[in-house]
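Residue numbers (the numbering used here): 5 to 144.
Notes to accompany the following structure.
Structure representation (structure tokens):
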């Protein structure tokens, strides 16, 4: 797969995830009845829903910043992964399997996007005490 294809797949995925999580964060902050009621039904307290909304909107801002905040993007990907995982298992436990379809789609999209992110910005790891190797995070 060439660089242009990887970039295209990454940006399509980043925009898709950003629209999804941006809308979700907005709806959590504006107390949209559909999002709010489901989240409360899953057992999450109201203060957590607001915190989640803020975190999602901040994550979207980082995700859509091209070529910068690479280490922070790693944290955003991790946060989205955890959000999707908790949503999946909460819905499965409380609502059954059918409502988990959105989490499965989101997990697939974020996984593909993250794989493309790693292709565009490969990380290099070294053992402690060895010579210093410049990785993609230091170049940006």
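Beta carbons: idealized from backbone N, C-alpha and C, even for Gly.
Small disclaimer: the values here were computed from a predicted structure and weren't measured.
query	result
Proximity below 9 Å, CB of residue 60 to CB of residue 78	no
Touch test, the stretch 36-45 against the stretch 60-74, Cβ-Cβ under 8 Å, three pairs minimum	no
Reduced DSSP secondary structure (H/G/I, E/B, other) of residue 131	coil
Cβ-based burial, residue 118 [other Cβ within 10 Å; buried from 16]	buried
Three-state secondary structure (DSSP) of residue 49	coil
Environment of residue 68 [buried if 16+ CB atoms lie within 10 Å]	exposed
Per-residue DSSP class, three states only, for residue 126	coil
Alpha helix (DSSP H) segment containing residue 89, residue limits	74-98
Of the residues 47, 7, 18, the one placed nearest residue 98, counting alpha carbons only	47
Counted within 10 angstroms of its Cβ, other Cβ atoms place residue 23 as buried (16 or more) or exposed	exposed
Assigned exposure category for residue 21 - 16 Cβ within 10 Å defines buried	buried
Residue of 52, 65, 11, 6 minimising C-alpha distance to residue 27	65
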